[in-house]
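These protein sequence lines map, in sequence, to chains V and U.
381 is the number that UniProt numbering gives to position 381 of the first sequence; each next residue is one higher, with no gaps.
43 is the number that UniProt numbering gives to position 43 of the second sequence; each next residue is one higher, with no gaps.
From the three backbone atoms N, C-alpha and C, an ideal C-beta is built for every residue, glycine too.
In this text the structure is predicted, and so the values were computed from the model without any measurement.
Each remark here refers to the structure printed beneath this line.
2 protein chains.
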Amino acid sequence: MYPNLLQKRVALTPNRAAFEMNGKTWTWSEVYGRALTIAEKLPIKEGERIGFWTKNSESLYFFLLAAMLKESEVVLFNDRLTEEEFLYQQQDAEVQLTLTESSDRARLDNVFLFREVEEGIPNPFTMRPQWNPDRTISIMYTSGTTGRPKGVRQTLENHMSSALGSALSSGVLPEDKWLCVMPLYHISGFSMIMRSLIYGSALQLHTRFEVDAILEAIEHDGISHLSVVTTMLGQLLEQYEKQPFPIPSMFRTVLAGGGPVPASYLKQAQSNGFPVVQTYGMTETSSQTCTLLAEDAIRKLGSAGKPLFFAEVRIDGEEEGEVWVRGPHVTPGYIGAAAHIDPVTEDGWLKTGDIGRIDEEGYLYILDRRSDLIVSGGENIYPAEIEQVLVGHPNIQEAGVTGKPDERWGQVPVAFVVLRPGEELPELDSYLGQHLAKYKHPKEIRVVEQLPRNASNKLIRRELKKWL
Amino acid sequence: MYPNLLQKRVALTPNRAAFEMNGKTWTWSEVYGRALTIAEKLPIKEGERIGFWTKNSESLYFFLLAAMLKESEVVLFNDRLTEEEFLYQQQDAEVQLTLTESSDRARLDNVFLFREVEEGIPNPFTMRPQWNPDRTISIMYTSGTTGRPKGVRQTLENHMSSALGSALSSGVLPEDKWLCVMPLYHISGFSMIMRSLIYGSALQLHTRFEVDAILEAIEHDGISHLSVVTTMLGQLLEQYEKQPFPIPSMFRTVLAGGGPVPASYLKQAQSNGFPVVQTYGMTETSSQTCTLLAEDAIRKLGSAGKPLFFAEVRIDGEEEGEVWVRGPHVTPGYIGAAAHIDPVTEDGWLKTGDIGRIDEEGYLYILDRRSDLIVSGGENIYPAEIEQVLVGHPNIQEAGVTGKPDERWGQVPVAFVVLRPGEELPELDSYLGQHLAKYKHPKEIRVVEQLPRNASNKLIRRELKKWL
Chain V
1 MYPNLLQKRV ALTPNRAAFE MNGKTWTWSE VYGRALTIAE KLPIKEGERI GFWTKNSESL
61 YFFLLAAMLK ESEVVLFNDR LTEEEFLYQQ QDAEVQLTLT ESSDRARLDN VFLFREVEEG
121 IPNPFTMRPQ WNPDRTISIM YTSGTTGRPK GVRQTLENHM SSALGSALSS GVLPEDKWLC
181 VMPLYHISGF SMIMRSLIYG SALQLHTRFE VDAILEAIEH DGISHLSVVT TMLGQLLEQY
241 EKQPFPIPSM FRTVLAGGGP VPASYLKQAQ SNGFPVVQTY GMTETSSQTC TLLAEDAIRK
301 LGSAGKPLFF AEVRIDGEEE GEVWVRGPHV TPGYIGAAAH IDPVTEDGWL KTGDIGRIDE
361 EGYLYILDRR SDLIVSGGEN IYPAEIEQVL VGHPNIQEAG VTGKPDERWG QVPVAFVVLR
421 PGEELPELDS YLGQHLAKYK HPKEIRVVEQ LPRNASNKLI RRELKKWL
Chain U
1 MYPNLLQKRV ALTPNRAAFE MNGKTWTWSE VYGRALTIAE KLPIKEGERI GFWTKNSESL
61 YFFLLAAMLK ESEVVLFNDR LTEEEFLYQQ QDAEVQLTLT ESSDRARLDN VFLFREVEEG
121 IPNPFTMRPQ WNPDRTISIM YTSGTTGRPK GVRQTLENHM SSALGSALSS GVLPEDKWLC
181 VMPLYHISGF SMIMRSLIYG SALQLHTRFE VDAILEAIEH DGISHLSVVT TMLGQLLEQY
241 EKQPFPIPSM FRTVLAGGGP VPASYLKQAQ SNGFPVVQTY GMTETSSQTC TLLAEDAIRK
301 LGSAGKPLFF AEVRIDGEEE GEVWVRGPHV TPGYIGAAAH IDPVTEDGWL KTGDIGRIDE
361 EGYLYILDRR SDLIVSGGEN IYPAEIEQVL VGHPNIQEAG VTGKPDERWG QVPVAFVVLR
421 PGEELPELDS YLGQHLAKYK HPKEIRVVEQ LPRNASNKLI RRELKKWL
């Protein structure tokens with residue numbers, strides 16, 4: 001058994017800063033008080049699910065903690081989903097209700113405003129001082145080869161071992177403060193709440209990525225850790241060099257996820273005192289599996305580093321092959337329509353779909369992402385999901401999607417389509433807008449005669465890359 | 001499952017400093033290499049026990065790691081035991097063999113010199129990459145009310161949760177270096193080896209407590225953590241004030257065990273920049289259960305602090321009562337003659353025998369030590385053990401032992417004896433020297449007419465305190 005994380009945290013360090021947002025600060029004691037008040041009003045029982053469909057906000061933070069106190073499972077829907085995408089996921093997750101900040105969304109079935117709950121009548125409940133390690137804390141949807149998003153469970157044990165492994169890798173100090181600009185509906189953001197509870201470090205939450213606000217926080221607010229994706233890092237460094245300031249000694253770690261950081265950024269980061277720690281992780285591994293420490297960043301350029309203390313990585317092949325991951329941070333599985341899928345082998349290995357190699361010193365290099373995954377500005381985009389929407393249009397017969405390098409976003413999706421006989425390429429904006437979150441829209445659509453397919457008629461997406 | 005600690009550590013940080021002694025330094029890669037070489041020569045199999053009867057030494061460090069690699073259980077005998085005491089414990093522990101640095105000891109049955117093993121022929125063995133959390137890592141003998149020392153098991157899970165809880169309390173950084181002057185045959189010393197493996201921090205090992213050597217290490221060697229007992233702290237501060245030097249910023253923590261640190265020491269420590277973190281723990285809890293952070297030291301004078309992240313403490317009583325401890329760091333039990341004793345209740349609580357209270361903010365205060373335990377210069381002394389030896393002498397009919405405050409050692413044992421009719425108090429030095437480690441010898445023996453006993457004729461040791 002593990003302790004009730006928030007109750008234990010407030011018992012240990014009630015007066016330490018816990019949460020900062022929009023210039024306000026809450027101690028652990030204040031955070032606990034407010035989360036408890038909300039928990040008493042949440043119309044859900046232990047083991048039931050509650051959804052959240054919003055950007056980072058004060059309400060989201062406190063409601064997530066409240067739901068945890070009540071031992072319900074939180075389902076974090078991507079704020080950028082279309083209604084159609086959301087409705088599918090909400091139904092699949094069988095949530096009791098979903099909360100949002102948007103009146104427009106709150107007109108949907110089972111969707112309510114945070115305010116509506118806060119105005120409700122409190123019902124005291126019995127809180128457990130200990131939590132089961134196998135308890136599902138959070139659920140996030142991620143797509144895959146099939147195109148249908150699957151709800152991934154992250155248990156308390158997953159989060160605990162991830163947080164402890166990360167602490168042993170990068171260090172932890174009682175006065176640490178993490179700046180969270182990543183969405184809480186992604187594991188990179190949500191895991192910062194879990195670390196904060198376990199480490200007792202403070203969390204400064206931002207709604208969106210604003211370069212100036214982040215630099216100001218680094219300069220003035222005692223930030224020790226920042227988590228970003230590569231594209232954000234580039235913008236931060238560019239702006240920093242225009243108006244540099246002395247980097248405070250407590251600013252120890254910039255975690256960078258979503259693919260290797262280019263050498264030019266790394267050198268720029270090093271010369272400016274931004275200690276970049278690159279990571280390799282995914283929703284199914286409750287964030288980090290591997291970490292490349294700042295001291296190795298240049299020597300092991302392009303590497304994702306070594307597996308954390310409780311994690312294992314192996315390559316299924318002689319030299320190159322599929323990356324397999326094992327450890328207490330690996331999800332026990334999915335919910336809803338994908339509940340029957342076992343994510344790991346009999347021996348507990350998760351087959352990531354990514355292709356990689358491990359060098360003689362034990363450093364992992366990712367050579368190709370799973371299912372031709374496209375990583376665009378920190379969002380994972382699965383080609384199959386876009387292809388399914390495209391072929392749903394009456395004019396389109398076949399579709400193949402791949403990622404194209406992009407200076408700003410890292411990658412953007414590009415589509416190749418085969419039209420139905422006699423049809424023309426239509427204007428697709430409103431059609432796509434209805435079915436796909438904006439960030440998944442192809443930035444370019446090319447009409448071709450036929451798509452590259454193998455003998456069993458399966459699309460060879462890697463061929464598409466060569467066509468770009 | 002947990003990773004094979006040494007194998008994982010060397011995979012993660014092969015070139016980082018791991019071990020320092022007598023001016024020499026070994027990296028993790030070098031430590032692993034030497035431990036493996038020794039492991040191949042150790043004449044023990046998985047699950048078997050090997051004893052060590054020596055002071056801190058280079059050999060002891062490497063042989064402990066070698067034995068761990070072989071998944072054997074290490075039994076750490078107090079270096080100060082008499083032959084008689086040692087022989088009892090060695091037999092009780094059923095070790096395959098015991099290793100020592102002393103030729104004199106090596107003439108005993110089953111006792112060998114480290115050198116004899118190192119000169120042997122290597123036998124390659126299969127090493128497991130993962131270790132079972134329930135595996136017994138170490139065994140240490142501790143006495144109790146009965147007077148017969150019991151071998152306490154400490155599992156991998158015990159050590160792991162202790163190390164992680166300690167890291168979350170005091171922080172951990174990749175460049176940390178612990179100075180170990182505590183005996184490795186005590187949990188306070190041995191747990192530093194475990195932390196070093198788990199944190200990847202370096203360990204500087206000293207054979208004995210020498211004030212100048214410790215101060216020099218703090219000044220020049222980049223020490224971050226030091227673990228001492230109260231009496232050592234006093235001597236360190238006294239000498240430091242004679243020849244002060246700027247305290248390096250990386251010197252973050254002085255762990256102080258064995259009872260509360262007096263206010264005068266705390267103030268002296270604070271004004272000199274020695275951050276004293278007081279702890280409460282015992283062999284049965286793999287070191288720390290509670291920790292009082294330096295920031296609370298003055299405000300909560302005399303307190304042992306709050307339970308670590310994975311630990312729980314409760315008082316069996318209204319306000320004051322027996323201190324009960326629960327958590328993954330609590331021993332699963334004993335070996336040998338005491339194997340049948342279950343140390344915990346059905347709910348997993350360890351009844352420590354100590355008397356305490358918890359204040360309204362959750363801080364633990366120890367009011368009286370278990371079984372009238374005498375803590376003398378960091379060694380636990382159990383009155384019953386001394387009493388049994390005393391009444392074994394033909395002239396002595398009854399004996400009662402208690403602790404007397406002592407400026408240098410904290411406490412020293414004092415004996416009250418009732419002589420057999422017509423007998424005189426004999427010279428007891430050689431008799432005691434044969435049966436009891438020197439530190440357990442009563443510093444004073446008073447002849448009395450009778451001892452304080454209750455209705456059921458049980459000795460009331462607390463009465464003896466009043467007689468002092």
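Item: Three-state class that DSSP yields for residue 409 of chain V in the structure shown; Value: coil
Item: Residue 331 of chain U classed as buried or exposed, judged by whether at least 16 other C-beta atoms fall within 10 angstroms; Value: buried
Item: Between the CA atoms of residue 392 of chain U and residue 384 of chain U - distance to the nearest angstrom; Value: 12 Å
Item: Within the region 236-298 of chain U, ranges of the beta strand (DSSP E) (whole runs, at least 3 residues); Value: 253-257, 276-282 and 287-292
Item: Interface residues of chain V facing residue 198 of chain U [CB-CB closer than 8 Å]; Value: 168 and 309
Item: Chain V contacts from the region 241-252 of chain U (Cβ-Cβ distance under 7 Å); Value: none
Item: Through-space distance from residue 14 of chain V to residue 281 of chain U, alpha-carbon basis; Value: 23 Å
Item: Chain V contacts from the region 307-335 of chain U (Cβ-Cβ distance under 8 Å); Value: 309, 310 and 312
Item: Close Cβ partners of residue 46 of chain V (< 7 Å) along its chain, the five nearest in sequence each way excluded; Value: 70, 71 and 72
Item: C-alpha gap between residue 99 of chain V and residue 74 of chain V, whole angstroms; Value: 11 Å
Item: Alpha-carbon spacing of residue 28 of chain V relative to residue 274 of chain V, whole angstroms; Value: 29 Å
Item: Exposure of residue 84 of chain U, with buried meaning 16 or more beta-carbon neighbours within 10 Å; Value: exposed
Item: Length at least 3, wholly inside the region 39-93 of chain V: the beta strand (DSSP E) runs in chain order; Value: 49-53 and 73-77
Item: Chain V contact for residue 344 of chain U (CB, 8 Å cutoff); Value: no
Item: Partner residues on chain U for residue 391 of chain V, Cβ-Cβ distance less than 9 Å; Value: Under the 9 Å cutoff, chain U gives no residues; its nearest Cβ is about 45 Å from residue 391 of chain V.
Item: Rounded straight-line distance, which links the Cα of residue 346 of chain U to that of residue 304 of chain U; Value: 26 Å
Item: Nearest candidate by alpha-carbon position, reference residue 161 of chain U, set U/289, U/220, U/432 and U/388; Value: U/289
Item: Residue 418 of chain V at chain U interface by Cβ criterion, 8 Å; Value: no
Item: Beta carbon proximity, residue 254 of chain V to chain U, threshold 8 Å; Value: no
Item: Where residue 297 of chain U falls, given that 16 or more other Cβ within 10 Å makes a residue buried; Value: buried
Item: Segment contact, 8 Å Cβ cut-off, at least three pairs: the region 212-224 of chain U with the region 243-255 of chain U; Value: yes
Item: Residue 204 of chain U beta carbon less than 8 Å from that of residue 20 of chain U; Value: yes
Item: Close beta carbons around residue 460 of chain U, own chain, < 6 Å, minus the five adjacent residues each side; Value: 452 and 454
Item: Min CB distance residue 447 of chain U to chain V below 8 Å; Value: no
Item: Collapsed DSSP secondary structure at residue 366 of chain U in the structure displayed; Value: strand
Item: Segment contact, 8 Å Cβ cut-off, at least three pairs: the region 171-178 of chain V with the region 166-185 of chain U; Value: yes
Item: Whole-number beta carbon distance between residue 237 of chain U and residue 313 of chain U, since they are thought to touch under 8 Å; Value: Wrong, their Cβ atoms sit about 29 Å apart, outside the cutoff.
Item: Run of the beta strand (DSSP E) containing residue 10 of chain U, from where it starts to where it stops; Value: Counting along the chain, residue 10 of chain U falls outside any beta strand (DSSP E), though it belongs to the alpha helix (DSSP H) covering 5-12.
Item: is_contact[residue 466 of chain V, chain U] using C-beta, thresh 8 Å; Value: no
Item: Chain U contact for residue 11 of chain V (CB, 8 Å cutoff); Value: yes
Item: Proximity to residue 465 of chain U [Cα-Cα], best of U/425, U/434 and U/415; Value: U/415
Item: Under 8 Å (Cβ pairs) to chain U, residues found in the region 28-49 of chain V; Value: none
Item: Contact check, residue 187 of chain V vs residue 335 of chain V, beta carbons under 8 Å; Value: no
Item: Segment contact, 8 Å Cβ cut-off, at least three pairs: the region 89-108 of chain V with the region 346-355 of chain V; Value: no
Item: Extent of the continuous beta strand (DSSP E) run through residue 21 of chain V; Value: 17-21
Item: For residue 321 of chain U, three-class secondary structure by DSSP; Value: strand
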